[in-house]
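What the first sequence shows, in my numbering, is residues 757 to 1307, in sequence order.
To keep things clear, I will list the structure first and then write my remarks on it.
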Amino acid sequence: MIARASQLFLPTLRDDPADAEVASHKLLVRGGFIRQVGAGIWTYMPIGWRVHQKVVQIIREEMNAIGAQEMLAPVLTPAELWQATGRYDLPVVFKLQDRSGRQFVLPMSHEETFAFHGKELQSYKQLPQAWYHFGTKERDEPRPRGGLLRVREFIMKDSYSFDRDEAGLDESFRKHAEAYGRIFERCELEYYEVEAESGEMGGKDSNDFLAPGAGQNYLVRCENGDYAADIEAAHGVPAPATFPDPLDAPEEVETPGMRTIEDVSKFLQVDARATAKAMPVVVDGKIVLALIRGDDRLDEAKLAAVLGQFVRPAHPEEITEAFGASGGSIGPVASPVPVLADEALREGQYVVGANSDDRHLKGVQAGRDYEADFADLRRVKEADACPQCGGQLTIEQAIEIGHIFKLGTFYSVPFEAKFLDEDGTEKPLVMGSYGIGPGRVIAAIVEQHHDEQGIIWPRSVAPYDVHVVALPGVEEQAHEAATTLDAAGLSILLDDRDARAGEKFADADLIGLPYRITVGKKTLEDGAVDLRDRATGNDRRVPIGSLGEAF
RNA sequence: CGGGGCGUAGCGCAGCCUGGUAGCGCAUCCGCUUUGGGAGCGGAAGGUCGCCGGUUCAAAUCCGGCCGCCCCGACCA
757 MIARASQLFL PTLRDDPADA EVASHKLLVR GGFIRQVGAG IWTYMPIGWR
807 VHQKVVQIIR EEMNAIGAQE MLAPVLTPAE LWQATGRYDL PVVFKLQDRS
857 GRQFVLPMSH EETFAFHGKE LQSYKQLPQA WYHFGTKERD EPRPRGGLLR
907 VREFIMKDSY SFDRDEAGLD ESFRKHAEAY GRIFERCELE YYEVEAESGE
957 MGGKDSNDFL APGAGQNYLV RCENGDYAAD IEAAHGVPAP ATFPDPLDAP
1007 EEVETPGMRT IEDVSKFLQV DARATAKAMP VVVDGKIVLA LIRGDDRLDE
1057 AKLAAVLGQF VRPAHPEEIT EAFGASGGSI GPVASPVPVL ADEALREGQY
1107 VVGANSDDRH LKGVQAGRDY EADFADLRRV KEADACPQCG GQLTIEQAIE
1157 IGHIFKLGTF YSVPFEAKFL DEDGTEKPLV MGSYGIGPGR VIAAIVEQHH
1207 DEQGIIWPRS VAPYDVHVVA LPGVEEQAHE AATTLDAAGL SILLDDRDAR
1257 AGEKFADADL IGLPYRITVG KKTLEDGAVD LRDRATGNDR RVPIGSLGEA
1307 F
């Protein structure tokens, strides 16, 4: 097909929009792909929607290839469905009422709705099933940002698998993971499948697909390529500490006014890595002392994974009341509250607060001088070693483009979505859920495929294959060239606007179709046109007669 | 929800401090000249200055309230 730029709704902008920070946001707006309607609310304009449809079609083909069945569930959803699982109370869920006060939800995902339909599955003979749709999701995000990176309304491909048992779920999960890999490869995305936190979806195992680029997630990777994880789930091997000579028992020392690790380690001439810092937190109204190595940062997500969702730092008054000392001077020895220590502290002797202002203890050893539960609490740092091979870890921003969950029976039990198994017993369906946001995929592609001039679309998702630039005076010949390419099965954007060459070239670079053909008097004298590869910038002169075979 | 910033023509901005006929660049429309990397000249159109209230002879400008948007944090697929 041939689209004429003179007729298209394709408003390109010369300048970056004032409110854009990340490359994908700037380029998609400038290139006339998307426009903002409100915070986190976007319209896809014609060429942006074409890209979206290309991504959707790739996803659709790969989902169908693993036997998943496409359907469509509604956006407007009776609140009862969400009350059944308790997700009704999540703050990110949009709620509304109809005129007679009936309550509804605008869903952020469709586990409830699909589990509701799962009730019609009756027998193990019907299993496994996998259903999906491209549905509009609504999220009352506390803070939308970054163009398409984090929005309040978006289309998501979400699929739901129904199996007899855990083994079946494992298989459905694996098939989805493989399909996701094929989808992202076809979109020419660099991506990593990593273990993730399950967030508010319920259930247990979940993997994220992270694409390096801008984005809200932090991807930890080993230089040797054998380890990748989201920072909230990542493990790193901390650099070893240099310990002073061991002591037979803790020794109390005066540390006047020393409240920070930096102060204490400098004052006592001790490696900061041979100190421990104590962070009192409150969960369920009780104080717990979280203990990590002095040079580490507490990872709130990991702490919450151990202690529960509602952990908060203790207030200064709570600390003083419990420990009889202020925040910078507390420690695990004779702690009045349970101690939860980071794994790094199992071995070695550390300097810790003495639970008395202006005093610290040297030579404190876990197990000998205090009792603690151990867990991985520390945030991974760049200096850490890879847990697999000891290689150097790197941390980079990444976009979460897909997330797959093993839900188990979290949804099927409240909905009583049961089936009769081969042994004649009734069992709850074992479910999985699997999401991909095409909008985020598009943003990730642009983050990974652009230059100073604009976007460089992979051919698989480009809105058109070829940008035919008609220079003044040869509009007829340009149209003929476009017709030839169209007949050869390519999709064409024909720039037939009454504009200058420089402007058309700049727009072509910005819009980023894989190929550009320039039809101008200069080369037409030789019966040829120029063919430029957007990615490499290389030009080729192609005789008009063989245009159809040039691709 | 905490901190910071912004709201003036389609887009990017100045004007506000020190109140007095609303401006610049790009884009748009008309004409002429130009035409292979965002042209030149001439003419034109386009604005309830986010909203409401207050002060004042007079408010884009000062004061109060509200709304919207962006960034950082909290939170989050």
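Glycine is no exception: its CB is placed at the ideal position from the N, C-alpha and C atoms.
Reference residue i; option with closest CA among the options
i	options	result
residue 1201	830, 1097, 971, 863	971
residue 1055	1087, 1161, 1136	1136
residue 1216	812, 1041, 783	812
residue 790	1243, 1101, 907	907
residue 1284	1230, 1293, 1247, 1259	1230
residue 819	883, 937, 1299	937
residue 1020	1108, 872, 808	1108
residue 792	909, 806, 807, 837	909
residue 1262	763, 758, 764, 768	768
residue 1286	1127, 1294, 1273, 1249	1273
residue 1132	939, 1187, 1049	1049
residue 1082	859, 845, 1016, 1053	1016
residue 893	874, 873, 850, 926	850
residue 1181	814, 921, 963	921
residue 1206	1290, 948, 1294	1290
residue 1018	985, 1140, 1006, 1031	1031
residue 756	984, 1250, 1271	In this structure the chain extends from 757 to 1307, so residue 756 is not present and cannot be described.
residue 1373	1187, 1062, 1238	No statement about residue 1373 is possible, as the shown extent of the chain runs from 757 to 1307 and does not include it.
residue 1184	808, 1140, 787, 871	871
residue 1062	1295, 1085, 1052, 1037	1037
residue 822	803, 939, 1125	939
residue 759	1307, 1251, 826, 1256	1251
residue 1053	1069, 1033, 1066, 1067	1033
residue 1277	1233, 1307, 1173, 800	1233
Nearest-angstrom beta carbon gap, residue j and residue i [assumed within contact, 8 Å]
i	j	result
residue 1220	residue 1269	5 Å
residue 862	residue 918	Contact flag wrong, Cβ pair sits at about 25 Å.
residue 1227	residue 1298	With a Cβ gap of about 16 Å, residue 1227 and residue 1298 do not count as contacting.
residue 1095	residue 1045	5 Å
residue 963	residue 1211	The pair is not a contact, with the Cβ atoms about 29 Å apart (cut-off 8 Å).
residue 973	residue 1142	19 Å between Cβ atoms; not a contact.
residue 1244	residue 1304	4 Å
residue 1145	residue 978	6 Å
Start and end residues, beta strand (DSSP E) containing residue i
i	result
residue 1136	Neither: residue 1136 is in no beta strand (DSSP E) and is coded neither H nor E.
residue 765	Neither: residue 765 is in no beta strand (DSSP E) and is coded neither H nor E.
residue 1275	1271 to 1275
residue 979	Unbroken run through residue 979: none, as it is neither H nor E.
residue 1287	1284 to 1289
residue 1326	The question about residue 1326 has no answer, for the chain in this structure spans 757 to 1307.
residue 1074	Premise fails: residue 1074 lies in the alpha helix (DSSP H), 1072 to 1079, not in any beta strand (DSSP E).
residue 948	948 to 951
residue 1250	1248 to 1251
residue 739	Residue 739 is absent from the model: the chain starts at 757 and stops at 1307.
residue 850	850 to 853
residue 985	984 to 986
residue 1296	1295 to 1299
Residue i - containing alpha helix (DSSP H), residue span
i	result
residue 891	Taken as a continuous stretch (DSSP letters only), residue 891 belongs to no alpha helix (DSSP H), being part of the beta strand (DSSP E) at 885 to 894.
residue 794	Taken as a continuous stretch (DSSP letters only), residue 794 belongs to no alpha helix (DSSP H), being part of the beta strand (DSSP E) at 790 to 794.
residue 780	779 to 786
residue 865	Segment: none, residue 865 is in no alpha helix (DSSP H) and carries neither H nor E.
residue 936	922 to 942
residue 1260	1257 to 1267
To test your reading of the DSSP string, which unbroken beta strand (DSSP E) runs of 3 or more residues are found completely within the stretch 1153 to 1241? 1174 to 1176, 1182 to 1184, 1186 to 1192, 1222 to 1226
Is the number of C-beta pairs between the stretch 1119 to 1132 and the stretch 919 to 936 that are closer than 8 Å three or more? no
3 or more residues per run - each beta strand (DSSP E) lying fully within the stretch 796 to 837: 797 to 800
Contact between the stretch 1100 to 1107 and the stretch 1036 to 1045: three or more CB pairs below 8 Å? no
Evaluate the contact criterion for the stretch 1194 to 1212 versus the stretch 1166 to 1182: three or more CB pairs, one atom per stretch, below 8 Å. no
Pair every Cβ in the stretch 1072 to 1091 with every Cβ in the stretch 1146 to 1161, then say whether three or more of these pairs are closer than 8 Å. no
So within the stretch 1081 to 1132, which uninterrupted beta strand (DSSP E) runs reach at least 3 residues, ignoring any that extend past its ends? 1095 to 1098, 1105 to 1109, 1115 to 1121, 1129 to 1131
Flag this pair as touching only if the stretch 771 to 782 and the stretch 889 to 906 have three or more C-beta atom pairs under 8 Å; answer yes or no. yes
Mind listing, in chain order, the continuous alpha helix (DSSP H) runs of no fewer than 4 residues lying wholly within the stretch 1004 to 1067? 1017 to 1024, 1056 to 1063
Segment contact flag, the stretch 909 to 917 with the stretch 879 to 895, C-beta cutoff 8 Å, min 3 pairs: yes
Spell out a yes or no on whether the stretch 1124 to 1138 and the stretch 990 to 999 are touching, meaning 3 or more CB-CB pairs, one atom from each, closer than 8 Å. yes
With three or more C-beta pairs closer than 8 Å as the rule, is the stretch 832 to 845 touching the stretch 863 to 870? yes
Should the stretch 996 to 1004 be called in touch with the stretch 1023 to 1040, which here means at least 3 C-beta pairs below 8 Å? yes
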